[in-house]
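What follows is a single structure, written as structure tokens, with notes after it.
As structure tokens, then:
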């Protein structure tokens, strides 16, 4: 039996929003943008996208790859329910995909200090899609939205991170 991978982010884009039924300019916030894989199709489709990536290395790669898009705001900060400077950020030689504000993996090492900001500080009246992939910090991100109510929220969950 052949297995297929379901890409939830692509499903949100194609099934929920490409119907043409939403009467306004579409918006996405990608918290934990990593390599830009999740937000790239939305940017190309003309959505207004805000992408957060606190890792300096990953952020610089995003700027190199996507910096020319006018409908994309790349932000080199983490998102939390508390605004702060000098927050510890941990990375792993095992995978760039497990970088986090939480030191949850044996391969994690302190990498740099980052700043955090809240989602409700963005200049948004509506938010169509909020994607969160913050390696165990997801609830803090969700709490930072204040009164901002996304139409759709997608988040990753794994037990060993919380």
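Residue numbers (the numbering used here): 1451 to 1612.
Think of the CB as a built atom: it goes at the ideal place given N, C-alpha and C, for glycine as much as any other residue.
Excluding residues up to 5 positions away in sequence, 1502, 1504, 1564, 1565, 1566 and 1567 lie with their Cβ nearer than 8 Å to the Cβ of residue 1527 in the same chain. In this structure, the straight-line span from the alpha carbon of residue 1525 to that of residue 1500 is close to 7 Å. Distances from the CA of residue 1594 to each of 1487, 1555, 1534 and 1553 were compared; the closest alpha carbon is that of 1534. In this structure residue 1543 is exposed. Its beta-carbon is surrounded by fewer than 16 other beta-carbon atoms within 10 angstroms.
In the three-state DSSP reduction, residue 1588 falls in the helix class (H, G or I).
Annotated three-state conformation of residue 1578 is coil, per DSSP. Within its own chain, the residues whose Cβ lies closer than 8 Å to the Cβ of residue 1552, once the five positions on either side in sequence are excluded, are 1540, 1585, 1586, 1587 and 1611, listed in chain order. The beta-bridge partner set that DSSP reports for residue 1502 consists of 1481 and 1525. Membership of residue 1460 in the alpha helix (DSSP H) is indicated by the continuous run 1458-1461.
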